[in-house]
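Undergrad: Numbering (my numbering), first residue to last: 153 to 538.
Ideal placement from N, C-alpha and C gives every residue a C-beta, glycine not left out.
Source: prediction; values computed, not measured.
1. Output yes if chain D places a C-beta closer than 7 Å to the C-beta of residue 373; else output no.
2. Which residue marks the beginning of the beta strand (DSSP E) containing residue 235, and which one marks its end?
3. Mind checking who residue 378 pairs with in its DSSP beta bridge?
4. Take every Cβ of the region 404-417, pair it with every Cβ of the region 323-334, and state whether three or more of those distances are shorter than 8 Å.
5. In chain order, what residues of the same chain have a beta carbon less than 8 Å from the beta carbon of residue 164, not counting five sequence neighbours either side?
6. Going along the chain, which residues of its own chain have a beta-carbon closer than 7 Å to the beta-carbon of residue 296, five neighbours each way excluded?
7. Please work out which residues of its chain come closer than 8 Å, Cβ to Cβ, to residue 167, disregarding the five sequence neighbours upstream and downstream, and give them in chain order.
8. So, at 7 Å on beta carbons, what are the nonlocal neighbours of residue 505 in its own chain, with the 5 sequence-adjacent residues on each side left out?
9. Decide yes or no for the touch test of the region 177-189 against the region 202-218: beta carbon pairs closer than 8 Å, at least 3 of them.
10. What does a CB cutoff of less than 8 Å around residue 398 pick up in its chain, not counting 5 residues either side in sequence?
11. Could you tell me which of 370, 199, 223, 477 sits nearest to residue 210, measuring between CA atoms?
12. By Cβ distance, which residues of its chain are closer than 8 Å to residue 302, with the 5 residues on each side in sequence left out?
13. Consult DSSP for residue 524 and reduce its assignment to one of helix, strand or coil.
14. By how many angstroms is the C-alpha of residue 496 removed from the C-alpha of residue 344?
15. Any contact of the region 458-468 with the region 478-492, i.e. 3+ C-beta pairs under 8 Å?
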């Protein structure tokens with residue numbers, strides 16, 4: 153199985169070419185917004201690539217200095233953004249017209265960038281730019297792996313430095329047989345495994361509450377220095393959250409390896425925030441801070457590197473179903489306690505849900521032999537992990 157991992161590297165761009173790169177970013181995002189405006193018709197949205205190409209290619213060739221490759225990339229990015237809005241509308245979810253800032257990241261395909269282990273060249277105004285990497289030990293380890301292939305990524309600018317996100321592709325064999333470990337994600341317990349490991353969210357939630365309170369105070373001032381401080385705080389908060397989530401995802405994958413799991417099962421939580429519109433303000437804030445998507449992505453790529461498959465199940469009734477007898481009742485759960493009204497089974501609600509998630513994957517196996525070979529990994533004595 154092919155695994156795609158993103159490696160973010162800082163670029164050392166020659167001083168005399170920095171303005172060319174900045175102008176490339178400006179013109180590229182101008183081109184994206186131009187394509188979005190053409191696609192955003194009042195009665196319909198143009199998401200056909202060929203139709204949008206006819207409307208935008210030659211005007212952009214005349215009004216920008218971008219190469220043909222970057223013009224096509226800008227068109228594709230605009231089409232993808234508009235198409236995402238159409239998909240959201242089809243699911244009765246909100247979406248507004250996309251607007252790209254002057255220094256938003258630009259997408260580079262294999263023709264626009266040539267990636268090597270220590271340097272790259274990419275298409276820009278006034279000719280291709282050659283840039284070396286500034287690497288840490290972790291990045292060197294990834295880029296020096298002879299079994300990896302490098303693909304195009306995105307070029308971004310944070311107001312001070314330029315970065316290239318490189319798509320690193322490598323092969324990893326997936327285990328054929330083994331147990332299934334269910335993982336329930338939540339707000340108080342950020343993750344609970346069917347083997348009984350609890351990962352608390354207290355440190356992350358407390359830190360985010362502190363940042364939210366500080367942001368609220370600083371926003372009232374409304375000065376430029378306050379705006380710069382908010383930007384700095386945002387970077388710190390995001391880095392801390394990523395560090396916590398990376399650690400938790402690593403420990404979850406280590407737990408899966410310990411029990412010999414071939415599958416990690418999680419709930420498909422896409423669109424879950426759409427159901428919180430009628431909830432109170434404090435609950436909506438907590439939901440907005442819940443980083444389940446990022447944690448799932450970290451678990452997924454770490455698991456695949458170890459040959460462990462990741463599968464997602466429908467979250468319906470996972471918290472209300474008894475993992476022992478299968479009885480479903482909404483009143484069975486009371487806060488963190490689950491007590492079955494049919495068989496009187498009692499357990500922590502998140503632990504019960506994690507077992508249900510594992511069972512759902514087992515039930516989805518096509519043959520009896522597959523169901524026997526892939527049994528849920530369970531533990532009767534949950535262990536708290538802070």
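TA: Reading from the atomic positions:
1. The structure shown contains no chain D, having only a single protein chain.
2. In the chain shown, the residue the question calls residue 235 occupies position 83. Here residue 235 belongs to no beta strand (DSSP E); instead the alpha helix (DSSP H) covers 220-242.
3. Start at 1 with the first residue of the chain shown, and residue 378 comes out as number 226. Per DSSP, none; premise fails for residue 378.
4. yes
5. Taking the first residue of the chain shown as 1, we reach residue 164 at position 12. In the same chain as residue 164, and ignoring 5 residues on each side of it, the C-beta atoms closer than 8 Å to its own belong to 283, 284, 285, 286, in chain order.
6. Counting from one through the chain shown, the residue named residue 296 turns up at place 144. Once the five neighbours on either side are set aside, the close Cβ partners of residue 296 are 269.
7. Taking the chain shown and counting its residues from 1, one reaches residue 167 at position 15. Taken in chain order, the list of residues that qualify is empty.
8. Residue mapping note: residue 505 aligns to position 353 of the chain shown, counting from 1. The beta carbon of residue 505 lies closer than 7 Å to those of 336, 470, 471 in the same chain, with the five residues before and after it left out.
9. Using a C-beta cut-off of 8 Å, the region 177-189 makes contact with the region 202-218, since at least three inter-stretch Cβ pairs fall below that distance.
10. Start at 1 with the first residue of the chain shown, and residue 398 comes out as number 246. Here the set comprises 450.
11. As a working mapping, residue 210 is identified with position 58 in the chain shown. Closest by alpha carbon: 223.
12. If you number the chain shown from 1, residue 302 lands on position 150. Correct list, in chain order: 267, 268, 269, 295, 318, 319, 320, 321.
13. Counting from one through the chain shown, the residue named residue 524 turns up at place 372. Caution applies to residue 524, whose pLDDT of 41 falls short of 50 and renders its modelled position unreliable; the value that the coordinates give is listed next. DSSP places residue 524 in helix when its eight states are reduced to three.
14. Here the question's residue 344 lines up with position 192 in the chain shown. Here the question's residue 496 lines up with position 344 in the chain shown. Their backbone Cα atoms lie some 22 Å apart in a straight line.
15. no
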